[in-house]
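Numbering (the UniProt record's numbering), first residue to last: 1 to 220.
Beta carbons: idealized from backbone N, C-alpha and C, even for Gly.
Below is one structure, written out as structure tokens; the observations come after it.
Okay, structure coming up:
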């Protein structure tokens, strides 16, 4: 492993990182070099601090260095170990990536789904006309989110997952925000695995509630 700062027992280099990790790591790299090893609790981490070092890891040795650690909050999601973003770059991952490219990103496939997207826009225009006839105010932010959500769901599921006057729109936005926050938040259980059963920051429970709500909505 590359050299790095000596850490303390149990907590490793957590005190070296502080409240501004990017600044702390930049300072440490000046002393220990572009590649250095630090310990975050019980997790050993290699830090690349220069463009050349990052290029070596992300481009030239991406397969060898692309191990994906599943965060504790993510384990509350059903079948999290089958999600493309979390599984290792093996044959299963390559199959999922190929299916994703074939079904969702190829121009021919997107063109074949243009009718579904036009239906979503048509439904939005009809909703606006109906609201105008009834002199009802329209929440543009809520409507825009609903249109984007239905465009996405039609591309993936070939159906809408919400209506433009549904309370589910706000609920969906709230749950997505919750998932992004808890999955990205610092979780002490990730660096001290012995604490995982306790879920000390309540992140796994929050994520589970949000994932369950989203699953129910999508499955209809």
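Span of the beta strand (DSSP E), counted from its first residue to its last, around residue i
i	result
residue 221	Nothing in the structure corresponds to residue 221, since the chain is present only between 1 and 220.
residue 48	43–48
Selection from the options that minimises the alpha carbon distance to residue i
i	options	result
residue 154	12, 120 and 100	120
residue 2	38, 211, 203 and 93	38
residue 36	189, 5, 114 and 123	5
residue 210	201, 177 and 116	177
residue 151	110, 71, 85 and 77	110
residue 112	194, 158 and 204	158
residue 40	194, 200 and 190	190
DSSP state of residue i mapped onto helix, strand, coil
i	result
residue 12	strand
residue 164	coil
residue 6	coil
residue 85	coil
residue 26	helix
residue 105	helix
residue 62	coil
residue 110	helix
residue 127	helix
residue 202	coil
residue 187	coil
Residue i: CB within 6 Å of a non-hydrogen atom of the ligand MN
i	result
residue 166	In the structure on display, the ligand MN does not appear, and there are no ligands present to speak of.
Unbroken alpha helix (DSSP H) run spanning residue i, endpoints
i	result
residue 57	No alpha helix (DSSP H) holds residue 57; DSSP gives it neither H nor E.
residue 19	Per DSSP, residue 19 belongs to no alpha helix (DSSP H) and is neither H nor E.
Contact belief for residue i with residue j at Cβ below 8 Å, rounded distance in angstroms
i	j	result
residue 145	residue 217	The Cβ separation is near 14 Å, so there is no contact.
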